[in-house]
Structures are given as C-alpha cells and as structure tokens.
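Asker:
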Amino acid sequence: MRRALEILALLEAQLKEMSPNLDSISEYRRKVALYSDRVDDLNHITQQRDDIKKRYDEWRKRRLDEFMAGFNTISLKLKEVYQMITLGGDAELELVDSLDPFCEGVVFNAGPPKKSWKNIANLSGGEKTLSSLALVFTLHYYKPTPLYVMDEIDAALDRTKDAQFIIISLRNNMFELADRLVGIYKLTTALRALQSIPGVLWV
776 MRRALEILAL LEAQLKEMSP NLDSISEYRR KVALYSDRVD DLNHITQQRD DIKKRYDEWR
836 KRRLDEFMAG FNTISLKLKE VYQMITLGGD AELELVDSLD PFCEGVVFNA GPPKKSWKNI
896 ANLSGGEKTL SSLALVFTLH YYKPTPLYVM DEIDAALDRT KDAQFIIISL RNNMFELADR
956 LVGIYKLTTA LRALQSIPGV LWV
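Each residue of the sequence shown is one higher than the one before, starting from 776 at the first, in this note's numbering.
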C-alpha cells in the first residue's frame, strides 16, 4: 500500500510538471471537420459520376437499339431491291463485329445471278454499280432524301433496255441513247440550261 501511494505521488508530481499542448485539440477538431467535408465532396462527385454513367449507358443502348433496328430493316430491303435490279441475285449486309457493330463497320456481300458470293470490292465494275444503286435505293426506302445526284454511274454499265436513269454523264453514247438531255453551261455572268426533247430543242 505504501508503495502504491509513493507511485501515485510520483505520477501526480510528473503531471504537474507537464505542460500539455491544448492547441492540438483544436487542430484535431479542424482536421475532423475537413475530413467530413472531403467525404461529402467525394460522395457528391461519386453520385454525379454514377448518374452520368447511367445516362451514358442508356444512350449507348439507345444508339445500339436504333442502329440494329435500322440495320435489320435495311438488310432485308436490300435483298429485295438487289434481286429486283439484277433479276435474281442476292445481297446482304454483315456486321464485322456483332458484339460491337460500331467498332469494325459493315461488310457488303453480293451474289450476282448465277455467280458466287463476293465482297463488293471483288465484283466487276458493272456489278459494283448495281450493288451500290441497290444500296442507295434501299437507304431511300428507309429514310427518303429529296434529291440524289449520281455522277457518271453509267460508266461501268452494259447497255440495257427498259430502264430509266437521271444521269450526269460525259459519254457521247449515253447522250445518243438518252430520251432527253439537259445541258448546263456558263456565260460570263450567269449559268444557262439547254434542254432537248425528241423533235424539240429549246432553251
């Protein structure tokens, strides 16, 4: 007991000699408040990030859904149009990467009548022209456009009957085969158009 009293007296004496830094308590409280503010900021920013990511994912899904709906419609119509233009051929659009259609793009394959399937790049000039026209007409079916300008699309085509074209051409034999011609030429201050109808020529 006596020993314990001596230790207690010694500790009390040491405590009186100590001079604690009371400013540390204020500093601690300041740090705690700063920490709480930072936590609130983090939570706010995290919520903003989650909201933006959610909208981004929704937009990505909407883009994919709309693209695939259009792609499927165009693919089906392309078969129909190509068969009509080529009198029996077949064509298809194929996604290079079906999991991410925006990554690698689309491949256009066609099988002209009585010929094997080929990528459009491996078709002849005339076959490429007909394939391209089929795609243009298909896109017009999906989303009509009021005006199409086709420059020299007849260059690779063989002569044919029972077809109608509005063509920009520089070939004399195309002029000779045309039912009607429209020529545009430039004067010093203006442009003039010259139109030719069978048996009639007027400006």
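C-beta atoms are modelled at their ideal positions from N, C-alpha and C, and glycine is treated no differently.
(1) Which one or two residues does DSSP pair with residue 847 in a beta bridge?
(2) Specify whether the stretch 860-872 and the stretch 883-890 touch according to this definition: at least 3 beta carbon pairs, one from each stretch, less than 8 angstroms apart.
(3) Indicate whether the contact test is met: 3 or more Cβ pairs, each with one atom in the stretch 846-860 and one in the stretch 899-914, closer than 8 angstroms.
(4) Inspect the beta-carbon positions of residue 866 and residue 906 and report whether they are closer than 8 angstroms.
(5) Residues in the same chain with beta-carbon distance under 7 angstroms from residue 942, minus the five sequence neighbours each way, listed in chain order, please.
(6) What does the alpha-carbon distance come out to for the pair residue 851 and residue 827?
(7) For the alpha helix (DSSP H) containing residue 909, list its first residue and its last residue.
(8) What's the C-alpha gap between residue 903 and residue 909?
(9) Kindly give me the distance between the Cβ atoms of residue 848 and residue 923, rounded to whole angstroms, as I take these residues to be in contact under 8 angstroms.
(10) Is the beta carbon of residue 870 less than 8 angstroms from the beta carbon of residue 881?
(11) Could you have a look at residue 961 and say whether DSSP puts it in helix, strand or coil?
(12) Which residue or residues does DSSP assign as beta-bridge partners of residue 870?
(13) Beta-carbon within less than 6 angstroms of residue 829's beta-carbon, same chain only, minus the 5 sequence neighbours each way: which residues are those?
(14) Would you say the beta carbon of residue 778 is closer than 7 angstroms to some non-hydrogen atom of the ligand ZN?
(15) When the Cα atoms are used, what is the spatial distance from residue 977 to residue 839?
(16) Which residue from 946, 963 and 962 puts its Cα closest to that of residue 956?
Answerer: Well, looking at it:
(1) Residue 847 is not bridged to any residue.
(2) They touch, by the three-pair rule.
(3) Touching, yes, given that three or more Cβ pairs across the two stretches are closer than 8 angstroms.
(4) In this structure, the beta-carbon distance from residue 866 to residue 906 falls below 8 angstroms.
(5) The answer, listed in chain order, is 925, 928, 929 and 949.
(6) Residue 827 has its alpha-carbon roughly 36 angstroms from the corresponding atom of residue 851.
(7) Looking at the DSSP string, the run of the alpha helix (DSSP H) that includes residue 909 is 900-917.
(8) Approximately 10 angstroms, taken between the alpha carbons.
(9) Actually they do not touch by this definition, with Cβ atoms about 20 angstroms apart.
(10) The answer is yes: Cβ separation under 8 angstroms.
(11) DSSP, reduced to helix, strand and coil, places residue 961 within a strand of the structure shown.
(12) DSSP lists 881 as the beta-bridge partner residues of residue 870.
(13) Same-chain partners within the cutoff: there are none.
(14) Among the ligands in the structure shown, none appear at all, so the ligand ZN cannot be discussed.
(15) In this prediction, residue 977 scores a pLDDT of 42, lower than 50, which makes its location untrustworthy; the coordinate-derived value is nonetheless stated afterwards. The alpha-carbon atoms of residue 977 and residue 839 are separated by roughly 53 angstroms.
(16) Measuring from the Cα of residue 956, the nearest candidate turns out to be 946.
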